[in-house]
Amino acid sequence: MTDDQWFREAVVYQIYPRSFQDTDGDGIGDVPGIIDRLDYLHTLGIDVLWLSPIYRSPQDDNGYDISDYEDVDPTFGSLADVDRLIEQAHAPGIRIVMDLVVNHTSDEHPWFVESRSSRDNPKRDWYWWRPARHGHEAGTPGAEPTNWQASFSGPAWELDETTGEYYLHLFSRKQPDLNWENPQVREAVYAMMRWWLDRGVDGFRMDVINMISKHVGPDGSLQDGRPIAGTVLGDGTPFYICGPRIHEFLQEMHREVFDGRSQKYLTVGEMPMVTVEEALLFTDPARHEVDMVFQFEHVDLDHGEHKWDRKPLDLRDLKASFGRWQEDLADIGWNSLYWNNHDQPRAVSRFGSDAPEHRVASAKLLGSVLHLHRGTPYVYQGEELGMTNVPFAGPQDFQDIESVNYYRTAIEAGADPEWVLHNLRLGSRDNARSPMQWDASANAGFTTGTPWARVNPNYPEINAEAAVADDASVFHHYRRLIELRRSEPAVAHGHFTMLAPEHRTLYAFMRTFEGTELLVLANFSADELAVTGDDVPRLDRWSGADLLLGNLADDPSSVVEPLRPWEARILRRTT
Ligand code: NOJ
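Going by the working numbering, 553 is the number at position 553 of the sequence shown; the sequence numbering is gapless.
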């Protein structure tokens, strides 16, 4: 491995600053709070911190709507705080990765304020402006330039009264899409990225970066998408997911921002709906695009027709998906590995079991399975404690714009409120955003003020202080997994082979590297599970293997004896 591939041995920890640690009593986490917790993160052993956006923002989408890319929102602190964070994180070798949100800005960004001011403003073309649909009067139903649905419900176009034209927003109406066709836009973004690198940050997580290139007809037209059942809107994704110039844009970004610098930065592109074939192109080091992508296949498997139509997960589908990504990116390219982030419900409630008797074991099992795949693992704040989904009492408890808009539009469309609430409880992003649980004191030690989001009532039991003090906690299991990546080269570099793909509850795979074999056995159920020679070929060879890491208090008497409920074993043998 060359130095410029360091990210292959790294573990990234994601911080959602708003919910991490408040220091000034306003109920919202801040950058000084992150600095205060660096020791905790160092004890866990992570290599990189990725911060969700802390830039100036009206907070319509909790900071993913940016009005100044080169300043920190006063809610989170100041640029001086960020400089201090970079310096103090770097001291023990922790790198800092910033969120890069450049598919869209806030509608309060000066670029958009100018752009919307008149049709002939020099920045007009920095965004997607279009007249009403031919033959329709602006502002009347169906007059939007295309029928695309926005990710946060409703049409993706908003009429601006000043000039009588519509602008495109694939997310909220306060998040207008930048027009990447315009070279001035691209130059401005690259200059801003260089500014952050010069400040000392170590890379970027690129928000919905595969949406920046749109399919534009020769006459500048955008097309309608396939109608979405039950709505008057259509699916625009074929016209903006991995559009025709996406690879060109990312290669240009690489040249303009990263080339010629002595440091190797980390780049990870968030890419909804990306296929593994596309991911191979994005992550092929020879193409100079990004190091890895966040794909969504495995977190979409419990969705029916759409995100708000939840169905039970079939473990066979999960293995088929992960297995394909492992195989197809084995020789060229690289995987990112995640269960959780600020947009996903809590993993232990979703893929494991948050029942009191299984929570700790299943949270550790999920960690073992994920970290032993080939790729760079991401830990989302609180995942290392086995934090769970939030018991939301009713619709009034949800704050996230996506959840709030979904509730409103679904109810307006006549959906059963209980069903809508059920889907929200399972799928809302608010599950991930409840404050970090630090200790058993008021508000879980997150703030001395009133927390912006409700603290999960289970914090007296599930919190960092208790976890650090308990050697058998989820925290120490994650710490050991991270340590294992350093001590055992097969974890980062081994070849991956999926086993027993058709088994409904056993997740089993092997990693092989230079005479070492690792076998991971994980029981995704609350029943005992006997592993057989049909599941693991030549199982007998493993009977004398070492148990590198288990997840239950007492070790099994034999490493191949039946797995107990939610048991996961990592075995090692030399060949
Ligand atoms: C993806 C981010 O992860 C999500 O939180 C945000 O709402 C959208 N992109 C829009 O920026």
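In this text, a Cβ means the ideal position worked out from N, Cα and C, and glycines have one as well. Keep in mind the model is a prediction, meaning the values are calculated, not measured.
**Prompt:** What's the C-alpha gap between Y378 and L38?
**Reply:** Taking the straight line joining both Cα atoms gives about 17 Å.
**D24 in three-state terms, based on DSSP** = Note: D24 maps to coil in three-state DSSP.
**Contacts around W542, its chain only, beta-carbon distance under 8 Å, and the 5 residues preceding and following it disregarded** = Residues of the same chain with a CB within less than 8 Å of the CB of W542, apart from the 5 flanking positions on each side, are L519, V536, V559, V560, L571 and R573 in chain order.
**Prompt:** So does the stretch 27-35 actually touch the stretch 79-91, counting three or more Cβ pairs closer than 8 Å?
**Reply:** They touch, by the three-pair rule.
**Asked** Under 8 Å, do L168 and W126 count as touching if we go by C-beta distance?
**Response** Result no, Cβ atoms of L168 and W126 do not sit closer than 8 Å.
**Message:** With a threshold of 6 Å on Cβ separation, who are the neighbours of E9 within its own chain once the five nearest residues in sequence on each side are excluded?
**Reply:** Contacts found: A492.
**Asked** In terms of residues, what are the limits of the beta strand (DSSP E) holding G269?
**Response** Residues L266 to E270.
**Asked** So what's W129 in DSSP terms, helix, strand or just coil?
**Response** DSSP places W129 within a strand segment (E or B) once states are collapsed to three.
**Item:** Supposed contact pair R504 and L315 - C-beta distance, whole angstroms, cut 8 Å
**Value:** Confirmed, Cβ separation roughly 6 Å.
**Asked** How should Q184 be labelled, buried or exposed, when 16 other C-beta atoms within 10 angstroms of its C-beta is the threshold for buried?
**Response** Answer is exposed; the Cβ neighbour count stays below 16.
**Neighbour-count burial assignment, A214, 16 or more Cβ in a 10 Å radius** = The displayed chain sequence assigns Lys, not Ala, to residue 214. With 16 or more other Cβ atoms within 10 Å, it is buried.
**Request:** Please list, in chain order, all residues with a C-beta atom less than 5 Å from at least one heavy atom of the ligand NOJ.
**Result:** Result: D61, Y64, F171, D207, V208 and D343.
**Cβ neighbours of S473 in the same chain (closer than 6 Å, five flanking residues each side left out)** = In the same chain as S473, and ignoring 5 residues on each side of it, the C-beta atoms closer than 6 Å to its own belong to A467, in chain order.
**Message:** What would DSSP say about A522, mapped onto helix, strand or coil?
**Reply:** In this structure, A522 counts as strand in the three-state DSSP scheme.
**Asked** Apart from the five residues just before and just after F152, which ones in its own chain have a Cβ nearer than 6 Å to its Cβ?
**Response** Within its own chain, the residues whose Cβ lies closer than 6 Å to the Cβ of F152, once the five positions on either side in sequence are excluded, are F171, S172, I401, E402 and N405, listed in chain order.
**Request:** Provide the residue span of the alpha helix (DSSP H) that contains L315, from first to last.
**Result:** Run containing L315: L315 to D328, per the alpha helix (DSSP H) assignment.
**Asked** Can at least three beta-carbon pairs, one atom from the stretch 219-226 and one from the stretch 184-196, be found at a separation below 8 Å?
**Response** Note that the stretch 219-226 does not touch the stretch 184-196; fewer than 3 beta-carbon pairs, one per stretch, sit closer than 8 Å.
**Item:** Cβ shell of P58 (< 7 Å), same chain only, five flanking positions each side left out
**Value:** Excluding the 5 residues flanking it on each side, P58 has same chain C-beta neighbours closer than 7 Å at D65, S67, S106, E108 and K174, in chain order.
**Whole runs of the beta strand (DSSP E) within the stretch 199-252, excluding any shorter than 3 residues** = Scanning the stretch 199-252 from its first residue to its last, the whole beta strand (DSSP E) runs of 3-plus residues come out as 203-206.
**Asked** Residues in its own chain within less than 8 Å of L552 by CB, not counting five upstream and five downstream?
**Response** So the qualifying residues of the chain are A361, R564 and E567.
**Message:** Considering only DSSP beta bridges, list what E158 is partnered with.
**Reply:** DSSP lists Y167 as the beta-bridge partner residues of E158.
**Asked** Does DSSP put G550 in a helix, in a strand, or in coil?
**Response** G550: strand per DSSP, three-state reduction.
**Request:** State the DSSP-derived secondary structure class of H493, mapped to helix, strand or coil.
**Result:** In the three-state scheme derived from DSSP, where H, G and I count as helix and E and B as strand, H493 is classed as helix.
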